[in-house]
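Peer 1: One point on numbering: in my numbering, the residue at position 111 of the sequence shown is 571, and numbering is uninterrupted. The beta-carbon is built from N, C-alpha and C at its ideal position, and this holds for glycine as well. Pasting in a structure now, in structure tokens, and then I'll have a few things to ask.
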Amino acid sequence: MAAPTNWSNVPAEEVYPGITRQVLHGERQTMIRYVYAPGSVFPEHHHPQEQITTVLIGQIEFTVGGETMLFGPGDTGVIPGDVPHGATVIGDVTVETINCLSPRRDAAPGPGSS
461 MAAPTNWSNV PAEEVYPGIT RQVLHGERQT MIRYVYAPGS VFPEHHHPQE
511 QITTVLIGQI EFTVGGETML FGPGDTGVIP GDVPHGATVI GDVTVETINC
561 LSPRRDAAPG PGSS
């Protein structure tokens, strides 16, 4: 087992206006912590990896395969690989999510990736 990693020690980068991410890679999976400012939008995109997302703080509207759903703290969703999805923050509270992708994704979502 690897030593624990604290998110405060993982570099953050802004991937879209108001959205930052921190990325951890294992051998076979990727974990991404996103922090979304109120009103921010993560554009629709897709990737071959299956994605499991859990909302920790705030409310966010996910559109997955054309269906829109509201997620709040504790809500978790599974997004199959290659299905288009995006997100919009609802309300005036910062949103935090944890996202697990498998298999590992070396090019995490952001400008220039699908």
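1) Verify whether the separation of the beta carbon atoms of Glu-487 and Ser-562 is less than 7 Å.
2) My assumption, with CB atoms under 8 Å, is that Val-501 sits in contact with Ile-492. Please give the rounded CB distance.
3) Going by DSSP in three states, Asn-559 sits in which element: helix, strand or coil?
4) Near Pro-544, which residues of its chain fall below 6 Å by C-beta distance, leaving aside the five closest residues on each side in sequence?
5) When you compare only the Cα positions, how much space is there between Pro-508 and Pro-540?
6) Could you please give the first and the last residue of the uninterrupted beta strand (DSSP E) stretch that includes Gln-482?
7) Who are the near neighbours of Gly-532 in its chain, counting only those whose CB is closer than 7 Å to its CB and skipping five residues on each side?
8) I'd like to check one pair, Glu-527 with Thr-548: are the Cβ atoms closer than 7 Å?
9) With distances taken between CB atoms, is the gap from Asp-542 to Pro-498 smaller than 7 Å?
10) Could you name the residues of the same chain whose beta carbon sits closer than 8 Å to that of Thr-465, not counting the 5 residues immediately before and after it, in chain order?
Peer 2: So, from the listed chains and residues:
1) Cβ atoms of Glu-487 and Ser-562: not closer than 7 Å.
2) About 17 Å; that fails the 8 Å criterion.
3) Annotated three-state conformation of Asn-559 is strand, per DSSP.
4) Hits under 6 Å: Glu-504 and His-506.
5) Taken atom to atom, the span from the alpha-carbon of Pro-508 to that of Pro-540 is near 8 Å.
6) Note, Gln-482: beta strand (DSSP E), 479 to 485.
7) Sequence-distant partners of Gly-532 (beyond 5 residues in either direction) whose C-beta falls short of 7 Å from its own C-beta, in its chain, are Val-515 and Gln-519.
8) Not closer than 7 Å, so no.
9) No, Cβ-Cβ distance for Asp-542 and Pro-498 is not below 7 Å.
10) Within the same chain, Leu-484 come within 8 Å of Thr-465 by CB-CB distance, once the 5 residues on both sides are set aside.
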